[in-house]
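Some notes on the structure that comes next.
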Amino acid sequence: MLTPQISWGDHDIWPTTDYAGLDDQTEIFWNPTATGPDELGKDGTGMWAYVNGGKRYLPGQWPDSAAKVFADAPDPVTFYTQLPEGITLPTYEPLKPAG
């Protein structure tokens with residue numbers, strides 16, 4: 002949900018060879034009354050909001066119904082302060098110094 006699916010080449014997602022990388026998409030809308038931090042961490046008014054909590058869709062999997070945006074959006078998500086249930090961050094070995 003929070004990370005896009007990325008692949009290159011032929012994986013039966015696109016009709017031709019995929020050179021772009023991004024496979025799935027999420028729908029967003031501008032919420033002019035939402036408040037929260039901007040990219041610099043400063044609070045402000047007006048934020049992008051995710052439809053359906055940021056659920057991502059591959060081609061051919063978009064819902065047939067109209068998206069609930071603006072006044073119809075039930076509890077739109079602008080950012081997560083905690084990871085949603087069932088989502089965990091990966092762990093990686095620390096990078097080794099060069100040389």
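All you need for my numbering is the position in the sequence shown, starting with 1, plus 1.
Where is the CB? At the ideal position from N, CA and C, for every residue including glycine.
As the structure is a prediction and not an experimental result, all values here were calculated from the model.
- Under the three-state reduction of DSSP, Gly-100 is assigned to coil, being neither helix nor strand.
- Using a Cβ-Cβ distance cut-off of 8 Å, the segment 85-96 and the segment 64-77 are not in contact, since fewer than three pairs of beta carbons, one from each stretch, lie closer than that value.
- In the structure shown, the three-state DSSP call for Phe-30 is strand.
- In the DSSP assignment, no residue is bridged to Val-70.
- One alpha carbon belongs to Gly-37, the other to Ala-50, and they sit about 11 Å apart.
- Ile-14 is positioned such that its CB atom lies closer than 9 Å to that of Pro-60.
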